[in-house]
Each structure stands twice: as C-alpha cells, then as structure tokens.
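J.: Going from the sequence shown to the numbering used here is simple: count from 1 and add 33. Think of the CB as a built atom: it goes at the ideal place given N, C-alpha and C, for glycine as much as any other residue.
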Amino acid sequence: MVKLAKVMFMRVIAGEKKGFPLKSPKGLNTRPTSDKIKGAIFNSLTNYVDFIDKKALDCFAGTGALGIEFLSRGGKHCIFYELNGQSLNCIKDNLKKTDYENKSKVVKGNVISYLSNTTEKYHVFFVDPPYNQGLSQKVIDLVAAKDLLLRDGAIVIETDKKENLDIPIHYFIVANEKNYGDTKITILLRS
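#1: Please go through the same chain and pick out, in chain order, the residues whose beta-carbon is closer than 8 Å to the beta-carbon of ASP193, but skip the five residues on each side of it.
#2: Taking GLU134 as part of the alpha helix (DSSP H), name the residues at either end of that continuous run.
#3: From the DSSP output, which residues share a beta bridge with GLU115?
#4: Would you check if the distance between the CB atom of ARG106 and the CB atom of PHE75 is smaller than 8 Å?
#5: Can you tell me whether THR131 is buried or exposed? The criterion is at least 16 other CB atoms within 10 Å of its CB, across all chains shown.
#6: Measure the C-alpha to C-alpha separation of LYS87 and ASN80 and round it to an integer number of angstroms.
#7: Are VAL139 and LEU121 closer than 8 Å when you measure CB to CB?
#8: Can you tell me the Cα-Cα spacing of ASP174 and PRO201, whole angstroms?
#9: Whole angstroms are fine: how far does the CA of PHE42 sit from the CA of GLY52?
#10: Just to confirm my understanding: we take ASP185, look at its own chain, exclude 5 residues before and 5 after, and list those with CB closer than 7 Å. What are they?
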C-alpha cells in the first residue's frame, strides 16, 4: 500500500459525491487541477455536453480528479490512463473511496499508444499531461485522425498558458479557451 498525503486540498465539487475529499500521491511532482480550475472546466463543459450515460477517457489521469468529477456528475463510465505506479494507486484509492470502481477502469499504460491503436470512441477526453512536452498535441492529432470523439462530445485540454496548440479545424472548433494564472484550459468540440 502506497502512503498518500494531501499535496493540496482536493475534493469532488459537485454531483452525487460532492464534498468527498480526494488524495494525491505524497512527494510526487504531480500538478493536480485546483478546485477553482476544475469548477471552471465543468461549469463550461456542461454548456456543451450532457454527462448522463456518457463515457470519458482521462488521459494522464494523475489523481483521477477530473474523471471522478465526471462520474459524480452523472457520467456512465471513465477509463483512467496513467504511467506512474504511485499515481495509479492514488486513483484506485480515490475510486474506492467514492465507490466508483464499478464505473471505471484504471490502466497502467501509455495513452498515446492506446489512442494509436484503438477505434473506441468517447464523449469526453480529459487531457492534462506534463506541460510543454507536446503530449496534448499528440492526443488532439490522434483523436482527429482516428475520429475518436463522438459528435456530442468534447475534449478538455489543460496546458501551460504559453503552450500553443495546432487545432485541426477540419475536425474541431474551439468552444472555449481561458487562462487561469499559468494554466490555459481549452475546450474543443467536433466541427
């Protein structure tokens, strides 16, 4: 069992598990999405996507906070992709605590490899990779090239505010883009 401690206070902010505290791995250089930014993401996202009975892919899941928030707000199923073992244990603990183990799948693996080889489509993609490594762009390009976003879906991308993305306009429209301090949140819809 991995020892976990709160790096910052995180909780589920709305839905059936509102107020449930979430853990993050002790000592890792994780960058959990703050409650303020998470609230802004979901307040905006609800203008475009109805979560009820929808499925999501939480890429670079970290603590699993975005996918768990999606489930709390009525999402049907979420797959959490993460490479780091400590983060994976944290996600599993958070899913157990919120009783969402039966509505989720946790995968230790490279989400870029998964997207390169899958034909599975999703309603929502949460993309919050390490900043400035080109990983968000790779996800966007793969989703567009392989047509992995369902028509009524959206992609939420969290990047450094200085990181520029080349959005394939034949496939996506930018529904919302806003900076929160050093973080930029971009929401893409199908065009």
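T.: Taking the coordinates as given:
#1: Here the set comprises TYR164, ASN165, ASP215, THR216, LYS217.
#2: Neither: GLU134 is in no alpha helix (DSSP H) and is coded neither H nor E.
#3: By DSSP's assignment, GLU115 forms a beta bridge with LYS141.
#4: Yes. Within cutoff.
#5: Residue environment for THR131: buried (at least 16 other C-beta atoms within 10 angstroms of its C-beta).
#6: Rounded to the nearest angstrom, the gap between the Cα atoms of LYS87 and ASN80 is 15 Å.
#7: The answer is yes: Cβ separation under 8 Å.
#8: For ASP174 and PRO201, the distance between alpha carbons rounds to 7 Å.
#9: For GLY52 and PHE42, the distance between alpha carbons rounds to 11 Å.
#10: A distance below 7 Å between beta-carbons, with the five flanking residues on each side excluded, links ASP185 to the following residues of its chain, in chain order: VAL82, HIS156.
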